[in-house]
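Chains as they are written, first to last, in the numbering used here: chain E, 1 to 115; chain D, 116 to 232.
Glycine included, each C-beta is placed from N, C-alpha and C at the ideal position.
Values in this document were obtained by computation on a predicted structure and should not be read as measured data.
A short write-up of the structure that comes next.
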């Protein structure tokens with residue numbers, strides 16, 4: 001079955017350090033890819049999305065993600081973590097040819113930022 | 116203000132007592148979807164709707180029903196809730212199928228925390 005994998009259910013970084021959250025998809029045909037963020041007691045908010053226009057995608061709050069077809073990856077990065085970045089992050093995909101309405105989410109990575 | 120509104124935010128009920136969680140969006144979106152979020156499992160899609168009177172099963176539809184009689188509303192119905200349906204539920208909507216157009220991200224409601232005892 002097609003899936004999306006997020007490596008690491010918890011990631012902890014120091015304030016000012018690089019943030020790297022990993023996401024891999026499982027298809028030879030590049031899908032649509034998304035990163036969402038969930039702050040405590042809130043719904044999910046779109047950070048950025050890849051729709052084949054450019055491999056490096058810039059999102060809100062200084063986050064960006066690079067689509068690498070050879071690695072089937074779409075990792076999320078931010079050069080310098082801020083305390084307000086502490087949240088749970090979800091990678092999501094829509095695969096071509098699959099169920100037209102099914103946005104498949106990864107299991108999430110909880111980011112902690114230490115002062 | 117453009118938003119997806121779910122009600123109630125919190126609900127505690129007993130096994131077998133029918134309940135409905137409402138979802139309404141004011142953005143004239145065609146696509147709507149229900150997810151449940153469980154620790155360690157991420158979000159799993161229950162049902163989705165591409166337009167009025169068009170609904171389809173997601174990954175975990177068992178024990179749930181939906182209807183889409185109007186574009187703005189997409190209620191989630193649990194005819195006979197069971198404890199394994201205790202979860203955090205999210206409704207979401209989009210202009211069209213997410214990713215189909217560049218301006219169609221999913222907009223999420225704030226969630227409904229359901230406890231079935």
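**Report entry** Simplified DSSP assignment, three categories, for residue 8 of chain E
**Finding:** For the purposes of this step, residue 8 of chain E is taken as the residue at position 8 of the first chain. Here DSSP, grouped into helix, strand and coil, assigns residue 8 of chain E to coil.
Query raised in the report: Sorted by chain position, which residues of the same chain lie with C-beta nearer than 8 Å to residue 92 of chain E's C-beta, five sequence neighbours on each side aside?
Result: Within the first chain, residue 92 of chain E is the residue found at index 92, counting from 1. The residues 4, 33, 34, 35, 36, 103, 104, 105, 106, in chain order, have a CB closer than 8 Å to that of residue 92 of chain E in the same chain once the five nearest residues on each side in sequence are set aside.
Query raised in the report: When the distance is taken between beta carbons, is residue 110 of chain E closer than 8 Å to residue 9 of chain E?
Result: Taking the first chain and counting its residues from 1, one reaches residue 9 of chain E at position 9. Taking the first chain and counting its residues from 1, one reaches residue 110 of chain E at position 110. A contact, by the Cβ cut-off of 8 Å.
Query raised in the report: What residues from chain E crowd round residue 141 of chain D, counting only those whose CB sits closer than 7 Å?
Result: Here residue 141 of chain D refers to the residue found at position 26 of the second chain. Going along chain E, no residue has its Cβ under 7 Å from residue 141 of chain D, so there is no contact; the nearest lies around 15 Å.
Query raised in the report: Taking C-beta to C-beta, are residue 175 of chain D and residue 191 of chain D nearer than 8 Å?
Result: The count along the second chain starts at 1 and reaches residue 175 of chain D at position 60. The count along the second chain starts at 1 and reaches residue 191 of chain D at position 76. Cβ distance not < 8 Å, so residue 175 of chain D and residue 191 of chain D don't count as in contact.
Query raised in the report: According to DSSP, is residue 198 of chain D helix, strand or coil?
Result: By 1-based counting over the second chain, the position of residue 198 of chain D is 83. In the structure shown, residue 198 of chain D sits in a helix (DSSP, three-state: H, G or I).
Query - Chain-ordered chain E contacts of residue 156 of chain D [CB-CB under 8 Å] - result: Counting from 1 along the second chain, the entry for residue 156 of chain D is found at position 41. Under the 8 Å cutoff, chain E gives 107.
Query - Straight-line Cα distance separating residue 129 of chain D from residue 57 of chain E - result: Counting from 1 along the first chain, the entry for residue 57 of chain E is found at position 57. Counting from 1 along the second chain, the entry for residue 129 of chain D is found at position 14. CA-CA distance, residue 57 of chain E to residue 129 of chain D, rounds to 46 Å.
**Report entry** Min CB distance residue 221 of chain D to chain E below 8 Å
**Finding:** For this step, residue 221 of chain D is matched to residue 106 along the second chain. Interface annotation, residue 221 of chain D: in contact with chain E, CB-CB separation under 8 Å.
Query raised in the report: Cβ atoms of residue 212 of chain D and residue 134 of chain D: under 8 Å apart, would you say?
Result: As a position in the second chain, residue 134 of chain D is number 19, starting the count at 1. As a position in the second chain, residue 212 of chain D is number 97, starting the count at 1. Against a cut-off of 8 Å, the Cβ pair of residue 212 of chain D and residue 134 of chain D comes out as no contact.
Query raised in the report: Where does residue 83 of chain E land, buried or exposed, given buried means 16+ other C-beta within 10 angstroms?
Result: Counting from 1 along the first chain, the entry for residue 83 of chain E is found at position 83. Under the 10 Å beta carbon count, residue 83 of chain E is surrounded by fewer than 16 other beta carbons and is classified as exposed.
Query raised in the report: So which of D:170, D:125, D:156 has the shortest CA-CA distance to residue 162 of chain D?
Result: What you label residue 162 of chain D is simply residue 47 of the second chain in a count that begins at 1. Of the candidates D:170, D:125, D:156, the one whose C-alpha sits nearest the C-alpha of residue 162 of chain D is D:170.
**Report entry** Residues near residue 228 of chain D in its chain [Cβ-Cβ closer than 6 Å; skip 5 each side]
**Finding:** Walking along the second chain from the start, residue 228 of chain D turns up at place 113. Cβ within range, chain order: 125, 203.
Requested in this report: Taking the CB atoms as reference points, tell me whether residue 152 of chain D and residue 224 of chain D lie closer together than 8 Å.
Outcome: For the purposes of this step, residue 152 of chain D is taken as residue 37 along the second chain, with counting starting at 1. For the purposes of this step, residue 224 of chain D is taken as residue 109 along the second chain, with counting starting at 1. In this structure, residue 224 of chain D does not lie closer than 8 Å to residue 152 of chain D by Cβ.
Query raised in the report: From residue 18 of chain E to residue 68 of chain E, what does the alpha carbon distance come to, in whole angstroms?
Result: Against the first chain, residue 18 of chain E aligns to sequence position 18. Against the first chain, residue 68 of chain E aligns to sequence position 68. So the two alpha carbons sit approximately 19 Å from each other.
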